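Visitor:
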Amino acid sequence: MSAFETPEITPLGATALLVRFGDRIDRDLSFRIARLVDHLDHQDVPGIVDLAPAYTTLIVLFDPDEADTQTIAGLVDAGWTTVADDPDSDNQQVRLVEIPVVYGGDAGPDLQDVATATGLSSEEVIRRHSGATYTVGVLGFSPGFAFLIGLPPELESPRRASPRTRVPPGSVGIGGAQTGIYPLPTPGGWSLIGRTPRVMFDPARASDEELRPGDRIRFVPVGAEDAAFSEPSGEDESHHDVGSGPIEILQAGVQSSVQDLGRPAQARLGITPGGAADRSALVCGNRLLGNDDSAAGIEWTLLPPAIRFHAPCRVVCSGTDPGWRHNGTEIEIGQIVLLAEGDEFTAQSSSQPVGARGYICVAGGIDVPVVRGSRSLDLSAGFGGGFGRPLKKGDRLLIGQKADNPELDNLRVQDSSSNPSSRPVRVVRGPQADRFDDAAWSTFLTKPFKIDAQSNRMGLRLNGPALMPEGGADVISEGVLTGAIQVTGSGQSIVLLPGRATIGGYTKIATVIEADHDRLAQLRPGATIRFAEVSLEDATQAWWEMRPSVYGGLRSDSDDNDGKPAMHQDATSESPGLPTDASGWTPAGVIAVIRELANHDVQAFSLRVESAGLEIVIDRGGGLPARPAREFQRSETSPATDPSDTVLSDNPKADRSGAITAPLLGTFYRRISPDAPMLVEEGDIVEAGQTVGLIEVMKTYHEVTAPVAGRVTKVIAEDGASVEFGELLMELDLAREE
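Quick look at the structure:
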């Protein structure tokens, strides 16, 4: 076995640590790690939230309320010694799983390719593959995907040059020196040599038969006539009447989906935590409505949806502000809005949000089936969120049981996403920080990076200086967390977000501290990001300061927290990178103030904390003077002139003609596919609402439509051009000849 004499421990911020037990893949090492996980599970260790084992490592997530890094490290070290004391007795506990496989034919379309690559016959490939005994080394890539140790070396064969867009569930593949089973219909690049009729992972039904790290696996050849292939059943939508829900999606926006606080504590099964990318924004909206913190809402990215409500309800919008309109009347972020049947929510088309994501919270929460402990959509795995996909036009959603908590009428809090890139994102050194020399580390901390348009819920791709790790970018796949900053072979940095996988094989230069995760969610494509290193002590202090806004709920002043006020444990401490007077204004702190004012029947109240980008307004009876809507903005983020107006002022001809501008940043396409004709040409007459192009952003295509009818007089942006929000794409002559 290749185990280190003493495990190496790397803190990953305030709530996690990574323990490295060895430096090469070894079935005995993987089995010992699996036994350690089982040991810690049965010890019921206070504070441990989740355990994420991999080939040579274990990530331990813990609650700093109940334990600290030193305590957890000591428990892991003691457990590692315990499971090593009598390894032979534990070998009797090894679970041997026999998996039937139909080899070749339609079930294994690449069997002959593997035979050719290895110089063996197809029959010999089957004999050797089914004759070996394998060990589950790690689960990841997708939920339930088991990477198996023990492939005979003579069966090693290259991955496919062109990956499949959909691999049938149950497919058995070989990729390089690894073999495994695809549990869900996902893309994949391994050579498929067979398929099992056994359901390896069912999102809707947890089972003791699901593979676990440390399991022994044998493949048993069976005939096609003895196999009945089936798809995982997916989520149970028996109570989800899609056609009659009171929330109707009129326009989907970009990557709009149902999200709650996600699926924690399932990393060992390869299930990503997911959930809201900006957790504090969702929690803030829920608390204003009296919902549980974890109630599901609608998350949108860059471009908001348009929604019609078919029943009375109360709604709060949180996160970034796209210029929301309620039946055409402007509303503010954090404002509780009472809706009647038939009311609509839309956004001002000329308003570009400062941040990237917003949330629509409804009293009672969005009611879709709970799948693996959450209502959230897992986009990469294709389950949850009611549909297993992002929302689309025509979808209907149900509203859940309204909570008994008191509501806070006529209250507003400021857009929490204001200027998300105004200060550096705080990091601690990552597990492979020693692979980057002083020059690379200095570059990482002193140079700005830009958010790439190909970023999504899995991660932020950064454009900027290349950071080249010594010895290459590859590492043995190990657990990863939200906030991990991976560096690829090309030197590009990727900051992982909640939709990430559970394991990764790139070097990680740093980890964004938990207190700054929500800021990552609000960075738009094109935004600038800088990094600042902080100590583990600073990361822990910052966690305590943000804890009430996401983790702690609202606690009464009588709750003891080391003798400090419960609203905010260290409200007077200076948070790294925050003005002193801003550090206490978490969403929970704001709501605690609001509730206290409500308890004392305060009728009119206004508070502005400029350094925190915050405004609280209470007006129960017209006690405050009228003011323009959305008057307050932080000085460094004051909205510029409408970008389309700026373009038109530089183009006299456009002043008298219609203008078609980019509704968001991305890549503009004038045709629906490379071999298709242009959607419109100069001289064409278009109708209002006609599609004239597409903008691709975050792997999603958004239609560009003509705002009015007219003749296309000039095409400004060419096919495939990168465009900014508000950039002029085409000009229309409104006085067209019929």
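Numbers given in our numbering equal positions in the sequence shown, counted from 1, plus 522. Virtual Cβ for every residue (Gly too), placed ideally from N, Cα, C. Predicted, not measured: the structure shown is a model, and the values here were computed from it.
(1) Could you tell me how far apart the beta carbons of residue 665 and residue 705 are, in whole angstroms, since I believe they sit closer than 8 angstroms?
(2) Since residue 1236 sits in a beta bridge, which residues does DSSP pair it with?
(3) Hey, is the region 882–898 in contact with the region 917–926, meaning 3+ C-beta pairs nearer than 8 angstroms?
(4) Determine the direct distance from the alpha carbon of residue 1020 to that of residue 643, and round the result to whole angstroms.
(5) In this structure, what does DSSP give as the bridge partners for residue 583?
(6) On the criterion of 16 or more Cβ atoms from any shown chain inside 10 Å, does residue 1158 qualify as buried, or is it exposed?
(7) Quick check: the region 736–746 against the region 891–898, are at least 3 beta-carbon pairs closer than 8 angstroms?
(8) So the candidates are 903, 862 and 818; which of them puts its Cα closest to the Cα of residue 881?
(9) Determine the contact status of residue 894 and residue 866, defining contact as a CB-CB distance below 7 angstroms.
(10) Could you check which residue in 863, 1053, 1046 and 994 has the C-alpha nearest to that of residue 1027?
(11) Which of helix, strand or coil does DSSP assign to residue 846?
(12) Give me whichever residues DSSP pairs with residue 860 in a beta bridge.
(13) Suppose the cutoff is 7 angstroms on Cβ atoms and the five residues either side in sequence are ignored; what does the same chain contact list for residue 1264 look like?
(14) Within 8 angstroms, do at least three Cβ pairs link the region 540–556 to the region 956–975?
(15) Apart from the five residues just before and just after residue 784, which ones in its own chain have a Cβ nearer than 6 angstroms to its Cβ?
(16) Measure the alpha-carbon distance for residue 641 versus residue 697 and round it to whole angstroms.
(17) How many angstroms separate the CA atom of residue 529 from the CA atom of residue 1063?
(18) Measure how close the beta-carbons of residue 1330 and residue 1214 come, nearest whole angstrom, since I'm counting them as under 8 angstroms.
(19) Quick check on DSSP: helix, strand or coil for residue 1152?
(20) Assign residue 1245 to buried or exposed, taking buried as 16 or more other Cβ atoms, counted over all protein chains shown, within 10 Å of its Cβ.
(21) In whole angstroms, what separates the C-alpha of residue 637 from that of residue 718?
(22) With distances taken Cα to Cα, identify the nearest neighbour of residue 1261 among 1025, 973, 989 and 769.
(23) State the DSSP-derived secondary structure class of residue 592, mapped to helix, strand or coil.
(24) Give a yes or no on whether the C-beta atoms belonging to residue 583 and residue 599 are separated by under 7 angstroms.
(25) On a Cα-Cα basis, can you pick out the residue from 1046, 892, 1198 and 1180 that is closest to residue 727?
(26) Give me the DSSP bridge partner(s) of residue 773.
(27) Should the region 828–842 be regarded as contacting the region 797–816, the criterion being three or more beta carbon pairs within less than 8 angstroms?
(28) Check residue 646 in the structure and name its three-state DSSP category.
(29) Any contact between the region 551–565 and the region 531–540? By contact I mean 3 or more CB pairs, one from each, below 8 angstroms.
(30) Secondary structure at residue 1280, three-state DSSP: helix, strand or coil?
(31) For residue 978, does the three-state DSSP call read helix, strand or coil?
(32) Determine the contact status of residue 699 and residue 678, defining contact as a CB-CB distance below 7 angstroms.
(33) What are the residues that DSSP puts in a beta bridge with residue 530?
(34) How many angstroms separate the CA atom of residue 914 from the CA atom of residue 618?
(35) What do you reckon, are the CB atoms on residue 591 and residue 674 nearer than 7 angstroms?
(36) Does DSSP put residue 553 in a helix, in a strand, or in coil?
Guide: Taking the structure as given:
(1) Approximately 7 angstroms separates the beta-carbon atoms of residue 665 and residue 705; this is inside 8 angstroms, confirming the contact.
(2) DSSP output for residue 1236 lists 1253 as bridge partner(s).
(3) yes
(4) 44 angstroms
(5) 538 and 572
(6) Confidence at residue 1158 is low in this model, with a pLDDT of 32, below 50, so its placement is unreliable and the value that follows should be read with caution. If you draw a 10 Å sphere on the C-beta of residue 1158, you find fewer than 16 other C-beta atoms in it, and that means exposed.
(7) no
(8) Nearest option by C-alpha distance: 818.
(9) no
(10) 994
(11) strand
(12) 836
(13) It is not possible to answer for residue 1264, since the shown part of the chain is limited to 523 through 1260.
(14) Segments in contact, no.
(15) 795, 796, 797, 896 and 898
(16) 16 angstroms
(17) 27 angstroms
(18) Any answer about residue 1330 is impossible in this case: the structure gives the chain only from 523 up to 1260.
(19) For residue 1152, the predicted structure reports a pLDDT of 37, less than 50, and the residue's modelled location is therefore unreliable. The matter cannot be settled from this model.
(20) buried
(21) 20 angstroms
(22) Residue 1261 falls outside the range modelled here, since the chain spans only 523 to 1260, and no answer is possible.
(23) helix
(24) no
(25) 892
(26) 828
(27) yes
(28) helix
(29) no
(30) Only positions 523 to 1260 of the chain appear in the structure, and residue 1280 is not among them; the question remains open.
(31) coil
(32) yes
(33) 542
(34) The alpha-carbon atoms of residue 914 and residue 618 are separated by roughly 44 angstroms.
(35) no
(36) Residue 553 falls in the helix class under three-state DSSP.
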